[in-house]
C-alpha cells in the first residue's frame, strides 16, 4: 500500500527530521526548562521573606559555612527559609504527581488528590487531634500529622472498599469518593461546631495550609515518600500511558487494569498523606499542575508525571513567594494563596484551549 | 496456527449470551462474523480475547489459550468504539502495541518499525498529531496499525468499518485481508455490512441468539432465505458479471 509514499518519506526519516525523535527531544527540552525555571523560583523563594534580609547576605549564609555570615541571618536562612522552601518543593511535587496519577487512573480532568475526600478526611483527623488535645506518648510533635494520615487512610479504605464491592471503575470510584468527601466535610464541620473558640482558631489555621510548620525532619519524611513512590511507579509509566486509550484497549494490550488502578490509588494516598500531614490542606496544586504539564509535554506519562511534579513544585514555590509579598513583613498561609492564584490560571487555560481532550 | 473455538458459552444472569459456539479460523483466512444486533458477535470476540469470562475452549494451533496472559500475548482485539480521546500522539498509539518492549527509553528500531507501520496506512505525516486532531477514520486506521504492530497470531475486530466512509472501509478491510495473507495471521471481524463481508471475507459465520446457525463461504451462507429468517429482511441477491455478490435489502418482513 502507498509504496511511492514510503519511498518519499524514507529519506526524510533516515535524515532524522520531524519524526518521533524530534518529539522526544522537544519534550526533553521542555522538561529541562521546567527544572531550570523551578531552580530560579526556589532561589527567589529563599531570598524573599518577612525578615527583609539583604539578598547577598542570604546567599552567603546559604552557600558558605556559618562563620562567614551574620548568625541571625544564618539561623533565619537555615532554620526557617530553607525548610519552608524545601517543603514547598516536596509538597508541590507530591501533589502535582498525585494529581496527574489521579487524572490518569480515573480518566477524569476534575480528579485531584482531593477529589476522593482524602484531604477532607485528613483535615478531620487533624481537627479531632487538636480538639481532644491527645498526644502520642513518644512522638508528641507527630500527633497531628499522624492523625491527619489516619483520617486520609480511613477515607481511602472507605472509597476502595465500596468500589471493590461494585467494580474498580472510574465512575464508581469517583462517586464513592465524592460521598466520602461530603461525609468527612460534615464530620469536620461537626468538630468545628463543638470546638471552643481558641481551639477552633487552631483548627482553622491548620486547615488553611501553611509551610511555616516545616522542619528538616518533616521535609525528609515527605521527601522520602515522594522518592519511594516515584521508584514504585517507574515500571508502570507505559501501562499508565496505555490506560489513556480506555480500559478495554489497555486490557487487551495486556495491562492488568484493576491491579494498576489499586497500586496507583495506594501511591496517591501515600503522596497526599505525606504532603497534607505536615502543611495542612493546600488545595488546587494537584488539579492545575497536571493540566499545565499536559499542555506542555502531552500524554506520554514518562514526561507527564515528571513534568507534573516539576510544575506542582513550581506553582507552590511561586505561591510561597506571593504569600510573602502580599503582606510584607507577614506570612499569609499558602493554602489561601494557591487557590487565589490558581483559579485565574485554570480559567485562562480553559478559555484558551482549543483542544478537544482534557 | 488455526484458531479453534469449541463449545464456548457465556451466561449473564439468566440470559444465555453465547450457547456452545464452535468455529475454526485458519491462518491467512479472513473470517467474518455476521448476525443481527444482540446475536452475540461482540460477546464472542470479547470472550475469545479473554475480556469476557466464558466457558469452553480456545485453542491456537492445538495449544489451549487458558489464561488471560496467553490470550493477550497472542490475540489483538479492536473494540468497536474509537477509544478515549487524549493528547497521545499517533506514533505513541502505535508504539503502545508493543507495550512489553517499551522502557524508559524507546528502542530506535522500534520507532523505525512503528513509522513503517504508520506509513503502510498513509498516516506517517500525522505521526506527531494528537488523537483529538484526527478524524474518526484516521483514528480507526491508527488503532488497526497498532493492532498489526503487535504482530498478533490472531486479530479480532469488532465492526472495524462502522465509523468509516466508503474509501476508509475499503482501505481497512483490504489491509486486514492483505496482512492476514502475508503474515499468516488469523483475522476475524464482526460485520454488519453484508456486501462488504461478501466482498472481503473468505468465510462467514452467522450467529443468531448466541448460536452458530451457518458457517462456510459467503456464497453458501448468504442466501435470501437465511437472511429473511435471521434478519427478518427480504433481500435481493445479485451477481455481477465479474462474479461479485451484492445484497440489496428490499423490505422488513
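Protein chains in written order, with our numbering: chain A, 1108 to 1465; chain B, 1121 to 1373.
Think of the CB as a built atom: it goes at the ideal place given N, C-alpha and C, for glycine as much as any other residue.
Under a three-way DSSP split, which group does residue 1252 of chain A fall into?
-> helix
Whose Cβ in chain A lies nearer than 8 Å to the Cβ of residue 1211 of chain B?
-> 1126, 1127 and 1130
Since residue 1419 of chain A and residue 1392 of chain A are thought to touch, with beta carbons under 8 Å apart, how far apart are those beta carbons, to the nearest angstrom?
-> 5 Å
6 Å CB neighbourhood of residue 1234 of chain A in its chain, flanking five on each side removed | 1295, 1298 and 1310
Roughly how many whole angstroms lie between the Cα atoms of residue 1366 of chain B and residue 1349 of chain A?
-> 40 Å
Answer with buried or exposed for residue 1359 of chain B, where buried requires no fewer than 16 other C-beta atoms within 10 angstroms of its C-beta.
-> exposed
Simplified DSSP assignment, three categories, for residue 1177 of chain B | strand
Residue 1354 of chain B - DSSP class collapsed to helix/strand/coil | strand
Under a CB-based cut-off of 9 Å, is residue 1368 of chain A close to chain B?
-> no
According to the Cβ coordinates, are residue 1157 of chain A and residue 1315 of chain A closer than 9 Å?
-> no
Identify the contact partners of residue 1199 of chain B in chain A, using a Cβ-Cβ distance below 7 Å as the criterion.
-> 1355 and 1356
Local Cβ density within 10 Å of residue 1247 of chain A, reported as buried at 16 or more and exposed below that | exposed
9 Å Cβ cutoff, residue 1163 of chain B in contact with chain A = no
Spatial distance of residue 1207 of chain B from residue 1166 of chain B (CA atoms) = 27 Å
Does the stretch 1406 to 1415 of chain A touch the stretch 1258 to 1266 of chain A, meaning 3 or more C-beta pairs lie closer than 8 Å?
-> no
Would you check if the distance between the CB atom of residue 1348 of chain B and the CB atom of residue 1373 of chain B is smaller than 9 Å?
-> yes
Could you pull out every unbroken alpha helix (DSSP H) segment of at least 4 residues lying fully inside the stretch 1130 to 1174 of chain B, listed in chain order?
-> 1161 to 1169
Measure from the alpha carbon of residue 1124 of chain B to the alpha carbon of each residue in B:1177, B:1159 and B:1152, then state which is nearest.
-> B:1177
To the nearest angstrom, report how far apart residue 1109 of chain A and residue 1182 of chain B are at their CA atoms.
-> Model confidence at residue 1109 of chain A stands at a pLDDT of 43, short of 50, so the residue's coordinates are unreliable; what they give is reported in the following sentence. Computed Cα separation, rounded: 37 Å.
Which residues in the same chain have their Cβ closer than 7 Å to the Cβ of residue 1237 of chain A, if we skip the five residues on either side of it in sequence?
-> 1251, 1306, 1309, 1310 and 1313
Identify every residue that forms a DSSP beta bridge with residue 1388 of chain B.
-> Residue 1388 of chain B cannot be examined here, being either before or after the span of chain B that is shown, 1121 to 1373.
How many whole angstroms separate the CB atoms of residue 1152 of chain A and residue 1428 of chain A, which I take to be in contact at a CB cut-off of 8 Å?
-> 5 Å
Same chain, Cβ closer than 8 Å to residue 1201 of chain A, neighbours up to 5 away in sequence not counted | 1329, 1332, 1333, 1378, 1379, 1381, 1382, 1416 and 1419
Do we get a CB-CB distance below 9 Å when we pair residue 1275 of chain B with the residues of chain A?
-> no
On a CA-only basis, which of B:1248, B:1239, B:1221 and B:1173 is nearest residue 1131 of chain A? Give me that one, please.
-> B:1248
Give the DSSP-derived three-state secondary structure of residue 1267 of chain A in the structure shown.
-> helix
If you follow the alpha helix (DSSP H) that residue 1292 of chain B is part of, which residue opens it and which one closes it?
-> 1286 to 1303
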